[in-house]
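Enquirer:
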Amino acid sequence: MKGAKQHQLGFWLVFAVVYADIGTSVFYVPGLLYHSIGNLATLAQIITTGVFISICRKYVEICERCPDGGGVVSIAGEAFPSWKWAALLGGCMITIDYFLTSAISGLSGILYLQTIVHFPKALAVLVTIGCLAALLLLNIVGLKESASVTSVMAMAKLVVNFAIIVVASLRITAAGRWPDLLHHVLHPEGVSLGAKTMLIGYADTWLAYSGLESGAQIAGAMKPPVRRTASIGFWMVIVSISTLSPALTAFSTYLLPEETKINEPDTFISHLGLLVGGHTLQVLAVASATLLLIMACNTAIVGNYHVNIRLVRDRFLPPVVGTRHRRFGTPHISIAISAIVPMLVLLAVAGDVTKLGDMYAFGLLGALTLSSVSIDVLRWREHVRGARFYLGAFTTLALVTAWGINLINKPWALVFGGGLTILFFATAIAYERGWLGPVLEKVPVITAAGAEARGARAPEAGRILSLDEAIELAPLERSSILAALRGSNQRLLDEVVVRAHGSGEPNAYVVFVDEVPGMFYPVDPKPTDEAVRVLSEAEAFLRERGVTAIPIWRLGHDAASAIADAAERLGADGVMVGTSRRGALWNLVRGNVLKGLTRKLPREVALIIAN
Numbered sequence: 004m005k006g007a008k009q010h011q012l013g014f015w016l017v018f019a020v021v022y023a024d025i026g027t028s029v030f031y032v033p034g035l036l037y038h039s040i041g042n043l044a045t046l047a048q049i050i051t052t053g054v055f056i057s058i059c060r061k062y063v064e065i066c067e068r069c070p071d072g073g074g075v076v077s078i079a080g081e082a083f084p085s086w087k088w089a090a091l092l093g094g095c096m097i098t099i100d101y102f103l104t105s106a107i108s109g110l111s112g113i114l115y116l117q118t119i120v121h122f123p124k125a126l127a128v129l130v131t132i133g134c135l136a137a138l139l140l141l142n143i144v145g146l147k148e149s150a151s152v153t154s155v156m157a158m159a160k161l162v163v164n165f166a167i168i169v170v171a172s173l174r175i176t177a178a179g180r181w182p183d184l185l186h187h188v189l190h191p192e193g194v195s196l197g198a199k200t201m202l203i204g205y206a207d208t209w210l211a212y213s214g215l216e217s218g219a220q221i222a223g224a225m226k227p228p229v230r231r232t233a234s235i236g237f238w239m240v241i242v243s244i245s246t247l248s249p250a251l252t253a254f255s256t257y258l259l260p261e262e263t264k265i266n267e268p269d270t271f272i273s274h275l276g277l278l279v280g281g282h283t284l285q286v287l288a289v290a291s292a293t294l295l296l297i298m299a300c301n302t303a304i305v306g307n308y309h310v311n312i313r314l315v316r317d318r319f320l321p322p323v324v325g326t327r328h329r330r331f332g333t334p335h336i337s338i339a340i341s342a343i344v345p346m347l348v349l350l351a352v353a354g355d356v357t358k359l360g361d362m363y364a365f366g367l368l369g370a371l372t373l374s375s376v377s378i379d380v381l382r383w384r385e386h387v388r389g390a391r392f393y394l395g396a397f398t399t400l401a402l403v404t405a406w407g408i409n410l411i412n413k414p415w416a417l418v419f420g421g422g423l424t425i426l427f428f429a430t431a432i433a434y435e436r437g438w439l440g441p442v443l444e445k446v447p448v449i450t451a452a453g454a455e456a457r458g459a460r461a462p463e464a465g466r467i468l469s470l471d472e473a474i475e476l477a478p479l480e481r482s483s484i485l486a487a488l489r490g491s492n493q494r495l496l497d498e499v500v501v502r503a504h505g506s507g508e509p510n511a512y513v514v515f516v517d518e519v520p521g522m523f524y525p526v527d528p529k530p531t532d533e534a535v536r537v538l539s540e541a542e543a544f545l546r547e548r549g550v551t552a553i554p555i556w557r558l559g560h561d562a563a564s565a566i567a568d569a570a571e572r573l574g575a576d577g578v579m580v581g582t583s584r585r586g587a588l589w590n591l592v593r594g595n596v597l598k599g600l601t602r603k604l605p606r607e608v609a610l611i612i613a614n
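One point on numbering: in the working numbering, the residue at position 314 of the sequence shown is 317, and numbering is uninterrupted.
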């Protein structure tokens, strides 16, 4: 959107967002790998590192080629423009990945909490479903997921993981057991290092590297130049994951007693923290694990509904999927799908993390493979040859191999992922051919609330300006007064009239901010019906009292930041707002605009509150 501060994430925040997603896998991957390939787990991770680095570099290129975000959906559509279903296939893969991310992250977070709270494990699935239900409701209201909060949490996790590694290293050093540890890693006991075992281990190891797609999804929010920002951020991810993940796996599989590894495979890091650092380090490990895993669960829900909306825009899914809530402006149907499917998956597998991990492989490796193939196709089309191209082609071959092995060895992955892919394509084909129209028309409660229908009822929408347009208009029509509206507020508008007449100014800026939850912006942003209504009513009210309103619509993750930015760029002397009618819960979830403005407005701009 013009005028919105979308390019706000530097390389540190890019690293934090990606690491907070991909790094959460360290809490459940060691146990999953041990359950699958035993003591080969660490060696398999080390072997996979080279391919991981190469696909990370490809994702940097995806960020550069698709600076508005979209990840695998965008790059697949660009690489295969003549095959319109490529973008849908990418959407299927990443949607399946997001569904399983929500399920496995949420359940793992609750299982970690169970190691210190000690409720029956049988309740873990129900508690996880409760958390997903809470996230569903919060996202419908508009849960704000701050990159700054993610940064703090990522740093906390880094510190805790590093502390566990340091304490474990000191313990091993004191016992003189480093040679034994190296032998455990390089010559794992009880495992036959045949070709089949190594291939299965290599394929399973990719669970440790899920989350790369989140970096491509936030490309639209990266500071320019996007390639440099993404490159530094991804190199930080590479260094962190390539060192911490194998180290924690090695220490877990080497130090933990066999009974723990067999009976508690889902919470290795909690037990490792307790073993090497006592109860305090265990509590820190559990706290960071639970909070970050729940955050990863929410990130997957947010990412998934954004992908759904992208597929709606590309006409692969019916508009009803992108329907926005009348009051909150959030795509509540898409959010519900993004949260309810993981709930059903948890019930279907009865909370079996191993089965979730098996199912996870389909969407994860499918999305990585399609992204890698797309980059290869674009490079070939652009006549890029040499080492860069052939290394990329080898990466694709390595990913196809891992995907194929998982499809053969993990029937749950094939059944779930293949079934959802067929359902997606069947829905898209049915919608394209008009078969869904008669069905949807029989559900007026849903279809009547569509965003397109509401927009059609607001002909005044054409009079609303973006911030850039208002700035261009400033030499002809400007004002030192800026009024920020959230809803109808006659008292505030009366105060605007008084100040406009008192200062002799015929105009007044009137701003409405549509807040967008999460860290992503919609691909095709437009004013909500509430924005159109409020700005139109304000314009009519002021016109009747001799003041010309300059209606401005903004889109932002944070209303206070968007208002403060508008005041600064328009050169307003004062910002007028009404007293907040938001309750405590709303302020907690969506933020307190007044408090935000007191911190973010330039010092020379007065904040005027109209009671």
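By construction, the Cβ of each residue, glycine as well, lies at the ideal position given by its N, Cα and C atoms.
Model, not experiment: these values are computed from the prediction.
As a quick exercise: from Asp361, Leu12 and Val580, pick the residue whose alpha carbon is nearest that of Gly420.
Expert: The residue labelled residue 420 in the question sits at position 417 within the sequence shown. Out of Asp361, Leu12 and Val580, Asp361 has the C-alpha closest to the C-alpha of Gly420.
Enquirer: How would you write the range of the alpha helix (DSSP H) that Glu540 sits in, first residue to last?
Expert: Translated into the one-based positions of the sequence shown, residue 540 becomes position 537. From DSSP, the alpha helix (DSSP H) with Glu540 extends over Asp532 to Glu547.
Enquirer: Of all the options Pro33, Leu247 and Arg313, which has the alpha carbon lying nearest to the alpha carbon of Asp71?
Expert: Taking the sequence shown and counting its residues from 1, one reaches residue 71 at position 68. Of Pro33, Leu247 and Arg313, the residue nearest in Cα terms is Arg313.
Enquirer: Got a sec, what are the start and stop residues for the beta strand (DSSP E) Arg316 sits in?
Expert: Position 313 of the sequence shown, counted from the first residue, corresponds to residue 316. Looking at the DSSP string, Arg316 is not in any beta strand (DSSP E); the run it does join, the alpha helix (DSSP H), is Phe271 to Arg316.
Enquirer: Helix, strand or coil for Pro554, going by three-state DSSP, please let me know.
Expert: Residue numbering aside, residue 554 sits at position 551 when the sequence shown is read from its first letter. Reduced to three states, the DSSP call for Pro554 is strand.
Enquirer: Ignoring anything shorter than 4 residues, give me the alpha helix (DSSP H) runs that lie fully in the region 14-76, in order along the chain.
Expert: 14-25, 32-40 and 44-68, all fully within the region 14-76.
Enquirer: Label Arg494 either buried or exposed according to how many other C-beta atoms from any shown protein chain fall within 10 Å of its C-beta, with 16 as the threshold for buried.
Expert: For this step, residue 494 is matched to residue 491 along the sequence shown. Exposed, because fewer than 16 other Cβ atoms sit within 10 Å of the Cβ of Arg494.
Enquirer: How about the region 261-279 and the region 238-247: do they share at least three Cβ pairs that are nearer than 8 Å?
Expert: Judged by Cβ distances under 8 Å, the region 261-279 makes no contact with the region 238-247, as fewer than three pairs qualify.
Enquirer: Could you name each continuous alpha helix (DSSP H) segment of 4 residues or more that falls completely within the region 353-427, going from the start of the chain to the end?
Expert: With a minimum length of 4 residues, the continuous alpha helix (DSSP H) runs that stay inside the region 353-427 are 356-384 and 390-412.
Enquirer: Could you have a look at Asp497 and say whether DSSP puts it in helix, strand or coil?
Expert: Position 494 of the sequence shown, counted from the start, is the residue given in the question as residue 497. Residue state, collapsed to three classes: helix.
Enquirer: Between Leu12 and Ala565, what straight-line distance do the alpha-carbon atoms span, to the nearest angstrom?
Expert: Mapped onto the sequence shown, residue 12 falls at position 9. Mapped onto the sequence shown, residue 565 falls at position 562. The straight-line gap from Cα to Cα measures roughly 16 Å.
Enquirer: Of all the options Lys598, Tyr37 and Gln117, which has the alpha carbon lying nearest to the alpha carbon of Pro249?
Expert: Taking the sequence shown and counting its residues from 1, the one referred to as residue 249 is at position 246. Of the listed residues, the one whose Cα sits closest to Pro249 is Tyr37.
Enquirer: With a cut-off of 8 Å on the beta carbons, I'd call Leu91 and Phe319 a contact; round off their distance for me.
Expert: Here residue 91 refers to the residue found at position 88 of the sequence shown. Here residue 319 refers to the residue found at position 316 of the sequence shown. Their Cβ separation, rounded to whole angstroms, is 5 Å, which keeps Leu91 and Phe319 in contact under 8 Å.
Enquirer: On the criterion of 16 or more Cβ atoms from any shown chain inside 10 Å, does Arg460 qualify as buried, or is it exposed?
Expert: Sequence index remark: in the sequence shown, residue 460 carries index 457 (1-based). Note that Arg460 scores 40 on pLDDT, short of 50, meaning its location in the model is unreliable and no value can be drawn from it.
Enquirer: Can you grab the Cα-Cα spacing for the pair Tyr512 / Glu480, in whole Å?
Expert: Start at 1 with the first residue of the sequence shown, and residue 512 comes out as number 509. Start at 1 with the first residue of the sequence shown, and residue 480 comes out as number 477. Straight-line Cα distance between these residues: approximately 10 Å.
Enquirer: Could you name the residues of the same chain whose beta carbon sits closer than 8 Å to that of Thr51, not counting the 5 residues immediately before and after it, in chain order?
Expert: Walking along the sequence shown from the start, residue 51 turns up at place 48. Closer than 8 Å at the Cβ level, and outside the excluded window around Thr51, lie Tyr205, Thr208, Trp209, Ala211 and Tyr212.
Enquirer: Which one of Arg557, Thr333 and Leu284 has the shortest CA to CA distance from Leu470?
Expert: If you number the sequence shown from 1, residue 470 lands on position 467. Here the closest residue by C-alpha is Arg557.
Enquirer: Given this structure, state the Cα-to-Cα distance separating Trp86 from Ser28, to the nearest angstrom.
Expert: Along the sequence shown, one-based indexing puts residue 86 at 83. Along the sequence shown, one-based indexing puts residue 28 at 25. Cα-Cα distance, rounded: 34 Å.
Enquirer: Are the beta-carbon atoms of Tyr101 and Ala303 separated by less than 8 Å?
Expert: Here residue 101 corresponds to residue number 98 of the sequence shown, with the count starting at 1. Here residue 303 corresponds to residue number 300 of the sequence shown, with the count starting at 1. For Tyr101 and Ala303, yes; Cβs fall inside 8 Å.
Enquirer: So Arg563 packs on Val596, CB below 8 Å; how close in whole Å?
Expert: Here residue 563 refers to the residue found at position 560 of the sequence shown. Here residue 596 refers to the residue found at position 593 of the sequence shown. Sequence inspection shows Ala at residue 563; the Arg mentioned does not correspond to that position. 5 Å between Cβ atoms; contact.
Enquirer: What does DSSP give as the partner residue(s) for Leu12 in the beta ladder?
Expert: On the sequence shown, residue 12 is found 9 positions in, with the first residue counted as 1. In the DSSP output, where bridge partners are listed per residue, Leu12 has Met225.
Enquirer: Return helix, strand or coil for Val516, following the three-state DSSP convention.
Expert: As a first step, residue 516 must be located in the sequence shown, where it is residue number 513. It is a strand residue.
Enquirer: Quick one: complete alpha helix (DSSP H) runs, 4+ long, within the region 205-265?
Expert: The qualifying runs are 216-220 and 229-258.
Enquirer: Tell whether a beta-carbon distance below 8 Å holds between Leu373 and Ala552.
Expert: The sequence position of residue 373 within the sequence shown is 370, counting from 1. The sequence position of residue 552 within the sequence shown is 549, counting from 1. Contact: no.
Enquirer: What residues are listed by DSSP as bridge partners for Ala613?
Expert: Residue 613 sits at position 610 when you count from the first residue of the sequence shown. In DSSP, Ala613 forms a bridge with Gly581.
Enquirer: Quick check on DSSP: helix, strand or coil for Ala486?
Expert: Here the question's residue 486 lines up with position 483 in the sequence shown. If DSSP states are grouped into helix, strand and coil, Ala486 belongs with the strands.
Enquirer: Taking the alpha carbon of Gly74 as the point to measure from, which residue in Ser217, Val387 and Val376 has its own alpha carbon closest?
Expert: Residue mapping note: residue 74 aligns to position 71 of the sequence shown, counting from 1. It is Ser217 whose Cα lies nearest to the Cα of Gly74.
Enquirer: Just the C-alpha distance for Gly112 and Glu261, rounded to the nearest angstrom, thanks.
Expert: Looking up residue 112 in the sequence shown gives position 109. Looking up residue 261 in the sequence shown gives position 258. Each residue's Cα considered, the two are about 23 Å apart.
Enquirer: For Cys134, tell me which candidate among Leu114, Ala534 and His121 has the shortest Cα-Cα distance.
Expert: For the purposes of this step, residue 134 is identified with residue 131 of the sequence shown, where counting begins at 1. Checked all of Leu114, Ala534 and His121; the closest Cα to Cys134 is Leu114.
Enquirer: If you reduce the DSSP assignment to three classes, tell me which class Asn492 lands in.
Expert: Counting from one through the sequence shown, the residue named residue 492 turns up at place 489. Coil.
Enquirer: Determine, using beta carbons only, whether Ala127 and Leu110 come nearer to each other than 8 Å.
Expert: In the sequence shown, residue 127 corresponds to position 124, counting from 1. In the sequence shown, residue 110 corresponds to position 107, counting from 1. Cβ distance < 8 Å, so Ala127 and Leu110 count as in contact.
Enquirer: Would you say the region 284-301 touches the region 54-63, given that touching needs at least three Cβ pairs under 8 Å?
Expert: The answer is no - the region 54-63 does not touch the region 284-301, with fewer than three Cβ pairs under 8 Å.
Enquirer: May I have the straight-line CA-CA distance separating Val240 from Val169, to the nearest angstrom?
Expert: Your numbering for residue 240 matches position 237 in the sequence shown. Your numbering for residue 169 matches position 166 in the sequence shown. Roughly 20 Å between the two C-alpha positions.
Enquirer: Sorted by chain position, which residues of the same chain lie with C-beta nearer than 7 Å to Pro191's C-beta, five sequence neighbours on each side aside?
Expert: Against the sequence shown, residue 191 aligns to sequence position 188. Contacts found: Gly41, Asn42, Leu43 and Leu46.
Enquirer: Suppose the cutoff is 7 Å on Cβ atoms and the five residues either side in sequence are ignored; what does the same chain contact list for Gly306 look like?
Expert: Within the sequence shown, the letter at position 303 stands for residue 306. Only Tyr101, Ser217 and Gln220 meet the Cβ criterion.
Enquirer: Among Ala570, Leu275 and Ile65, which has the Cα closest to the Cα of Phe165?
Expert: Sequence index remark: in the sequence shown, residue 165 carries index 162 (1-based). The shortest Cα separation from Phe165 among Ala570, Leu275 and Ile65 belongs to Leu275.
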